[in-house]
Every structure is written in C-alpha cells, then in structure tokens.
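In what follows, a structure is listed as structure tokens, so that the remarks can point back to it.
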Amino acid sequence: RSKYLFYDLVKLSNRHPQHNSLPVSLLENIDGALAKEAKTARDEDASEARRKAAEAKIAKVFGGRIKGEDRKSSSRINVGKPRVIGGVKVPHRPLEPDNCCMSGCINCVWEMYNDDVKDWNTQRKKAAAALVAKGGVWPEDFHPPIELLKPENLPPSLALQARGNNPKGDEEPWDKVPVQIRVFAEMEKKIKAKQK
Numbered sequence: 001r002s003k004y005l006f007y008d009l010v011k012l013s014n015r016h017p018q019h020n021s022l023p024v025s026l027l028e029n030i031d032g033a034l035a036k037e038a039k040t041a042r043d044e045d046a047s048e049a050r051r052k053a054a055e056a057k058i059a060k061v062f063g064g065r066i067k068g069e070d071r072k073s074s075s076r077i078n079v080g081k082p083r084v085i086g087g088v089k090v091p092h093r094p095l096e097p098d099n100c101c102m103s104g105c106i107n108c109v110w111e112m113y114n115d116d117v118k119d120w121n122t123q124r125k126k127a128a129a130a131l132v133a134k135g136g137v138w139p140e141d142f143h144p145p146i147e148l149l150k151p152e153n154l155p156p157s158l159a160l161q162a163r164g165n166n167p168k169g170d171e172e173p174w175d176k177v178p179v180q181i182r183v184f185a186e187m188e189k190k191i192k193a194k195q196k
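Under the UniProt record's numbering, think of the first position of the sequence shown as 1, with each following residue one higher.
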C-alpha cells in the first residue's frame, strides 16, 4: 500500500466535483488492489510461520544447529558474570552442557566443559592464594574453595563449617555428571589423544 495513496487519487481524479465520475471507480479498483496486497501479506505470513515451525521441529531433533554453524558448548553460552576476587578475575562456575550428540565429534561439548572446569579451578586457586596473602573475604555465593582459604578469608557461615572436623571438600563439577557421560568424555579424550 502506497503511503501517497491520497495523492494518487487526487492526480487521477477530475478537479471539478460536478463533472467527477471517476472516484467511485477508482475506489473500487483500489479496494481490489488492497485486497490483493492483504492476501499476499497473509500468504507470506503463513509461509513464514510454516518455515519457523519446521525449523523448530528440526531444532528439537538436531539441537538448533540448522544452518551448519559449529557446535557450541552451552556451558560457554550460558555463563554468569566473572568476579574479581583478590585481584584475580574468577569466571562463574561452568554449567554442564546439555547439547551433546554422543556422536564422537571432534569438538565435543564435554571436552570444552572439562577445559572450562580446569580454567575455573585454576583461577579459583589463584584468587584463594591472593586472598590469603592480601586478606579479604571470598563471596559466599561464588563457590569458595574452603580447603585453600583460612577461616578469616571465608564468609562467616562457612568459617564455622571449616573449623569443624568435616570441612566440605573441593566439590568438582564432574561429581554431579552421570557416570555414562563421564566415561564417554574420557573415551573421547583417549581417542583424540591417539589420533594426535
């Protein structure tokens, strides 16, 4: 629909109203053209909706990688904000990936997750050493490494736990991963090492 429709009507119509018989026929023609445009727009909307529905079905089966993009670990997509603790930038605890295809692909999301966990633990250890040296308190909601910190570096609620005989050990994120996934990831790592 033209935004200059009014001017088109004026241009095509007779300037003198008493001799004007064109506007009625022009309006009928315009109504027909508008109906065709509306039908075309509806058809385009329907085809777009069908395409999106098909993509949604494909994404449900293949995990969203429809257009050939590389596999991405969800633990790298859904990351929390890192914090600076003791002058060291500590990333948020990595999340387990939820999009493994178990096909043995070259860039397995579980291997990426393992790299992220190692980096997270390394940064936590550096930050804990810096806190012990400089002083300060580790944030309670940011997974403090209790065994690496002194009681004065721990939040008050966790300092009591550390003084007890049974301190919470360094909780590895892999401890919560199902055994079959851990074995699969280890096997993938061995296969990759053999190929190199």
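Even glycine gets a Cβ: it sits at the ideal position worked out from N, Cα and C.
Query: Return the CA-CA distance between D111 and V84, expressed in angstroms with no decimal places.; Result: The question names Asp, but residue 111 in the sequence shown is Glu. In a straight line, the C-alpha of E111 is about 26 Å away from that of V84.
Query: Report yes or no: do three or more beta-carbon pairs, one from the stretch 98–116 and one from the stretch 131–141, lie closer than 8 Å?; Result: no
Query: Starting from the Cα of residue 250, find the closest Cα among R51, Q123, P94 and L149 and give me that residue.; Result: Because residue 250 is not part of the residues shown, which for the chain are 1 to 196, the question remains open.
Query: Since V132 contacts L158 with CB under 8 Å, what's their CB separation in whole angstroms?; Result: No, V132 and L158 are not in contact; Cβ-Cβ is about 15 Å, not under 8 Å.
Query: According to DSSP, is V84 part of a helix, a strand, or is it coil?; Result: strand
Query: Return the bridge partner residues of K89 from the DSSP annotation.; Result: V84
Query: Is DSSP giving N107 helix, strand or coil here?; Result: coil
Query: Kindly indicate which three-state DSSP category L149 falls into: helix, strand or coil?; Result: coil
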